[in-house]
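Visitor: Here it is, the structure, as C-alpha coordinates.
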(Lines of atoms letter the chains of each structure in order from A and count residues from 1; the text may use other names and numbers.)
(Lines give C-alpha, C1' and ligand atoms only; values in the text may rest on other atoms or scores of the structure.)
Protein backbone atom coordinates (compact mmCIF):
# COMPACT_ATOMS: atom_id res chain seq x y z
CA UNK A 1 0.00 0.00 0.00
CA UNK A 2 2.87 2.39 0.70
CA UNK A 3 4.16 1.91 -2.84
CA UNK A 4 0.80 2.78 -4.29
CA UNK A 5 0.49 5.86 -2.08
CA UNK A 6 3.96 6.98 -3.13
CA UNK A 7 3.03 6.44 -6.77
CA UNK A 8 -0.11 8.61 -6.36
CA UNK A 9 1.86 11.37 -4.63
CA UNK A 10 4.53 11.37 -7.33
CA UNK A 11 1.86 12.02 -9.97
CA UNK A 12 0.48 15.04 -8.08
CA UNK A 13 -2.49 13.17 -6.68
CA UNK A 14 -3.43 12.96 -3.06
CA UNK A 15 -4.51 9.96 -1.10
CA UNK A 16 -7.68 10.11 0.95
CA UNK A 17 -9.50 7.33 2.75
CA UNK A 18 -12.18 5.77 0.62
CA UNK A 19 -15.75 6.87 1.15
CA UNK A 20 -19.00 5.54 -0.24
CA UNK A 21 -18.89 7.87 -3.24
CA UNK A 22 -15.42 6.76 -4.38
CA UNK A 23 -14.65 3.99 -6.83
CA UNK A 24 -11.32 2.28 -7.26
CA UNK A 25 -10.12 1.69 -10.77
CA UNK A 26 -6.94 -0.24 -11.25
CA UNK A 27 -4.80 -0.91 -14.25
CA UNK A 28 -1.81 -3.22 -14.33
CA UNK A 29 0.54 -0.32 -13.54
CA UNK A 30 -1.40 2.22 -11.50
CA UNK A 31 -4.16 2.36 -8.96
CA UNK A 32 -6.63 5.26 -9.49
CA UNK A 33 -9.36 6.55 -7.24
CA UNK A 34 -12.21 8.08 -9.19
CA UNK A 35 -14.17 10.64 -7.24
CA UNK A 36 -17.80 11.18 -8.13
CA UNK A 37 -19.01 14.65 -7.26
CA UNK A 38 -21.66 14.83 -4.64
CA UNK A 39 -24.29 17.58 -4.86
CA UNK A 40 -22.48 19.56 -2.14
CA UNK A 41 -19.25 19.68 -4.11
CA UNK A 42 -20.73 20.47 -7.52
CA UNK A 43 -22.73 23.55 -6.50
CA UNK A 44 -21.46 27.11 -6.61
CA UNK A 45 -20.70 29.01 -3.46
CA UNK A 46 -22.92 31.94 -2.51
CA UNK A 47 -21.59 35.44 -1.89
CA UNK A 48 -22.06 34.93 1.83
CA UNK A 49 -20.08 31.67 1.77
CA UNK A 50 -17.27 33.46 -0.05
CA UNK A 51 -17.41 36.33 2.42
CA UNK A 52 -18.43 38.85 -0.22
CA UNK A 53 -21.22 41.32 0.21
CA UNK A 54 -21.64 40.43 3.86
CA UNK A 55 -22.26 43.48 5.97
CA UNK A 56 -19.74 43.99 8.68
CA UNK A 57 -20.53 45.17 12.15
CA UNK A 58 -22.51 48.40 12.36
CA UNK A 59 -20.25 51.42 12.88
CA UNK A 60 -20.63 53.10 16.20
CA UNK A 61 -22.90 56.14 16.03
CA UNK A 62 -21.12 59.44 16.14
CA UNK A 63 -21.33 61.02 19.53
CA UNK A 64 -21.31 64.59 18.25
CA UNK A 65 -24.51 66.07 16.88
CA UNK A 66 -24.61 69.43 15.23
CA UNK A 67 -27.80 71.44 15.17
CA UNK A 68 -28.35 73.65 12.18
CA UNK A 69 -29.35 77.16 13.09
CA UNK A 70 -32.97 78.08 12.53
CA UNK A 71 -33.37 79.48 9.04
CA UNK A 72 -35.92 82.22 8.64
CA UNK A 73 -37.50 81.60 5.23
CA UNK A 74 -40.17 84.29 5.48
CA UNK A 75 -38.12 86.65 3.31
CA UNK A 76 -37.74 83.97 0.62
CA UNK A 77 -41.46 83.24 0.70
CA UNK A 78 -42.21 86.95 0.19
CA UNK A 79 -39.65 87.16 -2.62
CA UNK A 80 -41.28 84.24 -4.50
CA UNK A 81 -44.89 85.21 -3.82
CA UNK A 82 -45.27 86.57 -7.37
CA UNK A 83 -43.79 83.49 -9.05
CA UNK A 84 -45.24 80.84 -11.32
CA UNK A 85 -43.55 77.46 -11.61
CA UNK A 86 -43.97 75.45 -14.78
CA UNK A 87 -43.03 72.14 -16.35
CA UNK A 88 -42.76 71.04 -19.97
CA UNK A 89 -44.82 68.01 -20.96
CA UNK A 90 -42.63 66.98 -23.91
CA UNK A 91 -39.12 68.48 -23.61
CA UNK A 92 -37.98 66.77 -26.84
CA UNK A 93 -40.48 68.85 -28.84
CA UNK A 94 -40.70 71.93 -26.62
CA UNK A 95 -37.58 74.11 -26.42
CA UNK A 96 -37.46 75.74 -23.02
CA UNK A 97 -35.41 78.79 -23.94
CA UNK A 98 -37.67 79.82 -26.83
CA UNK A 99 -40.78 79.02 -24.78
CA UNK A 100 -39.76 81.49 -22.07
CA UNK A 101 -39.48 84.38 -24.52
CA UNK A 102 -42.64 83.27 -26.36
CA UNK A 103 -44.84 83.49 -23.26
CA UNK A 104 -43.19 86.68 -22.02
CA UNK A 105 -44.15 88.35 -25.32
CA UNK A 106 -47.57 86.67 -25.67
CA UNK A 107 -48.95 87.78 -22.34
CA UNK A 108 -49.98 91.42 -22.47
CA UNK A 109 -48.91 92.47 -19.00
CA UNK A 110 -48.56 95.76 -17.19
CA UNK A 111 -45.15 94.79 -15.79
CA UNK A 112 -42.45 92.30 -16.75
CA UNK A 113 -42.57 88.51 -16.63
CA UNK A 114 -39.00 87.24 -16.27
CA UNK A 115 -38.59 83.58 -17.16
CA UNK A 116 -35.71 81.36 -16.05
CA UNK A 117 -34.70 77.73 -16.46
CA UNK A 118 -34.80 75.64 -13.26
CA UNK A 119 -33.41 72.46 -14.91
CA UNK A 120 -35.19 69.08 -15.11
CA UNK A 121 -37.68 70.55 -17.62
CA UNK A 122 -38.95 73.06 -15.06
CA UNK A 123 -39.00 76.84 -15.30
CA UNK A 124 -40.28 79.86 -13.43
CA UNK A 125 -41.79 83.24 -14.27
CA UNK A 126 -41.43 86.14 -11.83
CA UNK A 127 -43.95 88.94 -12.11
CA UNK A 128 -43.86 92.55 -10.99
CA UNK A 129 -47.58 92.78 -10.16
CA UNK A 130 -50.11 90.47 -8.55
CA UNK A 131 -52.80 91.28 -11.13
CA UNK A 132 -50.45 90.20 -13.97
CA UNK A 133 -49.91 86.85 -12.26
CA UNK A 134 -53.66 86.37 -11.73
CA UNK A 135 -54.35 87.27 -15.37
CA UNK A 136 -51.94 84.55 -16.54
CA UNK A 137 -53.43 81.98 -14.15
CA UNK A 138 -57.00 82.82 -15.20
CA UNK A 139 -56.21 82.14 -18.87
CA UNK A 140 -54.84 78.63 -18.32
CA UNK A 141 -54.26 76.06 -19.79
CA UNK A 142 -51.43 76.97 -22.15
CA UNK A 143 -49.80 75.05 -24.97
CA UNK A 144 -46.49 75.47 -26.71
CA UNK A 145 -45.31 73.54 -29.80
CA UNK A 146 -48.60 71.59 -29.80
CA UNK A 147 -48.00 70.28 -26.27
CA UNK A 148 -49.48 71.41 -22.98
CA UNK A 149 -47.45 73.41 -20.47
CA UNK A 150 -48.08 73.06 -16.75
CA UNK A 151 -48.20 76.36 -14.85
CA UNK A 152 -48.90 76.67 -11.12
CA UNK A 153 -48.43 79.33 -8.53
CA UNK A 154 -45.26 78.79 -6.51
CA UNK A 155 -45.74 77.07 -3.14
CA UNK A 156 -43.07 76.59 -0.48
CA UNK A 157 -42.97 72.79 -0.83
CA UNK A 158 -40.27 70.39 -1.91
CA UNK A 159 -41.54 67.76 -4.31
CA UNK A 160 -40.00 66.35 -7.50
CA UNK A 161 -43.46 66.16 -9.06
CA UNK A 162 -44.36 69.83 -8.46
CA UNK A 163 -45.90 71.32 -10.59
CA UNK A 164 -48.19 68.62 -11.92
CA UNK A 165 -51.73 70.03 -12.37
CA UNK A 166 -53.31 71.39 -15.55
CA UNK A 167 -56.66 73.06 -14.80
CA UNK A 168 -59.29 73.17 -17.56
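Residue numbers (the working numbering): 29 to 196. Backbone N, C-alpha and C fix where the C-beta goes; we use that ideal spot for every residue, glycine too.
Give the straight-line distance between the Cα atoms of residue 138 and residue 101, rounded to the nearest whole angstrom.
Guide: 29 Å
Visitor: Quick check: is the beta carbon of residue 121 nearer than 9 Å to any beta carbon in chain D?
Guide: Protein chains in the displayed structure number just one, and chain D is not present.
Visitor: Of the choices 168, 182, 75, whose alpha-carbon is the least far from that of residue 105?
Guide: 182
Visitor: Which residue spans inside the stretch 103 to 164 form an unbroken beta strand (DSSP E) run of at least 3?
Guide: 111 to 116, 141 to 147, 150 to 155
Visitor: Spatial neighbours of residue 118 within its chain, please: C-beta separation below 7 Å, excluding the five flanking residues on both sides.
Guide: If you ignore the 5 residues before and after residue 118, its C-beta comes within less than 7 Å of the C-beta of 175, all in its own chain and listed in chain order.
Visitor: Within 10 angstroms of the Cβ of residue 172, are there 16 or more other Cβ atoms? Answer buried if so, exposed if not.
Guide: buried
Visitor: Bridge partners of residue 181, per DSSP?
Guide: DSSP lists 112 as partners of residue 181.
Visitor: Go ahead and pull the three-state DSSP assignment for residue 76.
Guide: helix
Visitor: Considering only C-alpha positions, which residue in the set 72, 189, 190, 178 is nearest to residue 127?
Guide: 178
Visitor: Would you say the stretch 109 to 118 touches the stretch 135 to 153, given that touching needs at least three Cβ pairs under 8 Å?
Guide: yes
Visitor: Answer with buried or exposed for residue 141, where buried requires no fewer than 16 other C-beta atoms within 10 angstroms of its C-beta.
Guide: Under this definition residue 141 is a buried residue.
Visitor: Rounded to a whole number of angstroms, what is the C-alpha to C-alpha distance between residue 188 and residue 112?
Guide: 16 Å
Visitor: Going along the chain, which residues of its own chain have a beta-carbon closer than 6 Å to the beta-carbon of residue 34, five neighbours each way excluded?
Guide: Because residue 34 carries a pLDDT of 48, less than 50, the predicted location of this residue cannot be relied on, and the following value inherits that uncertainty. Take residue 34, set aside five residues on each side of it, and no residue of its chain has a beta-carbon closer than 6 Å to its own.
Visitor: Closest to residue 159 by CA distance: which of 109, 169, 130 is it?
Guide: 109
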